[in-house]
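Positions in the sequence shown are counted from 1; adding 9 to them yields the working numbering. Below you'll find the structure, written out as structure tokens, and then a few comments.
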Amino acid sequence: MTPTEIKDSAKKTLACEKAVLEMMGNRIDDNFVTVADKILHLVGRVIVTGMGKPGHIGKKIAASLASTGTPAFFVHPAEASHGDLGMITKNDLVLALSNSGESKELFDIVNYCKRFAIPLVAVTSAPDSTLGKAADYVLQIPNKQEAPEACPFNMAPTTSMIATLAMGDALTVALMNMRGFTKELYHDRHPGGKLGNVLVKVKDIMAKDDALPVVPDTMKMADALMIMSKKMLGCIGILDTKGHLEGMITDGDLRRHMSPDLMTKPVTDVMNPKPTTIGGDMLGSEALNIMNTKKITNIFVVDEDNKPVGLIHMHHLLQTGVA
């Protein structure tokens with residue numbers, strides 16, 4: 010094949026997959042709403058199953074559901090026939106994936122569902138297939154006549170797998186919205202890697218307790234600078250008699266107030282009386298955005314009474330991988 014023919018082949022594949030995605034919108038019907046609602050109120054878990062390529066897609070769907078608030082896991086249909094059926098309980102719901110609806114490996118799971126009245130949802134292009142007829146609900150994807158496989162023989166699972174994955178994603182996101190799933194809950198399920206870093210909360214990485222650089226507003230600059238240097242965070246907070254954050258002194262404030270009598274001045278003469286503050290439940294990524302916007306390198310974290318409970322420095326965000 011020439012380079013042009015190779016590129017044309019790739020473009021044709023993408024065009025086929027784009028076309029099936031455009032069709033999928035018409036497949037979101039009342040059955041989809043019923044299935045989503047049933048999963049939302051499910052006592053047990055969503056058991057995803059499928060053989061071959063649908064099985065690979067099923068693992069991804071199960072992982073997406075589990076990470077976004079819907080307990081789910083994948084059961085291989087061949088393993089199910091050799092003992093793993095015991096992993097499925099009467100409180101669960103089975104989501105079975107098969108383009109043709111005739112995967113023989115699924116039949117033991119189908120029979121098990123019928124025997125114990127376990128809800129069965131089929132994702133298939135053939136509602137009149139063995140799986141489609143046995144299922145309590147069918148989420149139908151386009152068939153090979155409506156949306157041919159990208160394969161030149163209309164055989165290798167390509168377009169049909171994009172449709173299956175899209176149906177799973179649509180169900181996952183719908184359930185996220187129905188649950189009111191938040192960024193905070195998402196972070197709880199993704200504590201590792203770059204994603205976990207981006208979603209980390211300020212209170213989890215801030216300097217606090219003895220590391221917090223704060224002094225009373227009655228202190229002179231000479232003593233305050235000693236504490237500021239010891240804490241090594243490039244700033245110091247000024248507290249009033251009730252422990253509220255009254256102001257803040259940074260390295261920049263020192264440069265702006267540099268004079269022969271700097272050391273004898275009270276801290277209140279040097280401090281910025283309106284420092285930027287944030288709450289501990291703010292995401293680290295949001296704190297980073299504030300720092301970049303205001304061109305600052307540290308922010309005090311305060312409680313509802315404006316009492317400092319921590320301090321975020323740019324180095325904290327760098328070390329955690331947020332910045």
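Each residue gets a CB set at the ideal place from its N, CA and C atoms; glycine is no exception.
Check whether the Cβ atoms of V29 and I171 lie closer than 7 Å to each other. Yes, they are a contact pair.
Take A131 and list the residues in its own chain whose beta-carbon comes closer than 6 Å to its own, dropping the five residues that flank it on each side. Exclusion of the five residues before and after A131 leaves A105, L140, G141, A144 and V147 as the residues of its chain whose Cβ lies within less than 6 Å of its Cβ.
Is M267 helix, strand or coil by DSSP? In this structure, M267 counts as coil in the three-state DSSP scheme.
Check whether the region 272-279 and the region 217-235 touch, using three or more Cβ-Cβ pairs below 8 Å as the test. Yes, the region 272-279 touches the region 217-235.
Out of E14, A45, A156 and C25, state which residue places its alpha-carbon closest to the alpha-carbon of A183. Of E14, A45, A156 and C25, the residue nearest in Cα terms is A45.
Over the uninterrupted alpha helix (DSSP H) stretch that includes V103, give me the two end residues. Careful: V103 lies outside any alpha helix (DSSP H), inside the beta strand (DSSP E) at L102 to L106.
Pull the bridge partners of M257 from the DSSP assignment, please. For M257, DSSP records a beta bridge to G246 and N281.
Specify the secondary structure class of G325 as computed by DSSP and reduced to three states. Rather than Gly, the amino acid found at residue 325 in this sequence is His. Helix.
N152 in three-state terms, based on DSSP: Of the three classes helix, strand and coil, the one that applies to N152 here is coil, per DSSP.
For the region 282-294 and the region 304-311, state whether three or more C-beta atom pairs, one from each stretch, are separated by less than 8 Å. With contact defined as three or more Cβ pairs closer than 8 Å, the region 282-294 and the region 304-311 are in contact.
Enumerate in chain order the residues of its own chain whose CB-to-CB distance from L271 is below 7 Å, with the five nearest sequence positions on each side excluded. Around L271: M230.
Is DSSP giving T286 helix, strand or coil here? The answer is strand: DSSP assigns T286 an E or B state.
Measuring CA to CA, which of L94, S76 and A75 is closest to V84? Comparing Cα positions, the closest option is L94.
Rounded straight-line distance, which links the Cα of K20 to that of E111: Cα to Cα, E111 sits roughly 31 Å from K20.
V57 vs A71 beta-carbon contact at 7 Å: Result yes, Cβ atoms of V57 and A71 sit closer than 7 Å.
With a CB to CB cut of under 8 Å and the five nearest residues on each side skipped, what residues in its chain are close to T167? Same-chain partners within the cutoff: T22, C25, E26, E158, A159 and C160.
Between which residues of its own chain and V318 is the CB-CB distance below 7 Å, once the five residues before and five after are set aside? Around V318: K217, G289, V310, V311 and D312.
Taking C-alpha atoms, which residue in S134, K113, A165 and D178 lies nearest to N152? Of the listed residues, the one whose Cα sits closest to N152 is S134.
Can you have a look at N100 and say buried or exposed, based on whether 16 or more other CB atoms are within 10 angstroms of its CB? Flag for N100 reads exposed.
Beta-carbon separation (whole angstroms), S107 vs P63, contact threshold 8 Å: Approximately 6 Å separates the beta-carbon atoms of S107 and P63; this is inside 8 Å, confirming the contact.
Give the straight-line distance between the Cα atoms of M323 and D219, rounded to the nearest whole angstrom. Using only the alpha carbons, I get a separation of about 19 Å.
Reduced DSSP category for P63 - H, G, I as helix; E, B as strand; rest coil: The answer is helix: DSSP assigns P63 an H, G or I state.
C244 to R36, Cα distance in whole Å? Each residue's Cα considered, the two are about 58 Å apart.
Residue range of the alpha helix (DSSP H) that F116 falls in? Counting along the chain, the alpha helix (DSSP H) containing F116 begins and ends at F116 to R124.
Collapsed DSSP secondary structure at V132 in the structure displayed: Note: V132 maps to strand in three-state DSSP.
Pick from I321, D314, M280 and T79: whose alpha carbon is nearest that of I299? Taking only the C-alpha atoms, the option nearest I299 is I321.
Determine the burial state of L49: buried for a count of at least 16 other Cβ atoms within 10 Å of its Cβ, exposed for fewer. Under a 10 Å Cβ-count criterion, L49 is classified as exposed, with fewer than 16 other Cβ atoms of the shown protein chains found around its own Cβ.
DSSP three-state call for K304: helix, strand or coil? Three-state result, K304: coil.
Look up I56 in the DSSP assignment and give the residues it is bridged to. BP columns for I56 point to F82 and V103.
Closest by CA to G78, which one among G189, G256, E14 and E155? Comparing Cα positions, the closest option is G189.
Report the rounded CA-to-CA distance for M185 versus A175, giving the unit in angstroms. So the alpha carbons of these two residues sit roughly 15 Å apart.
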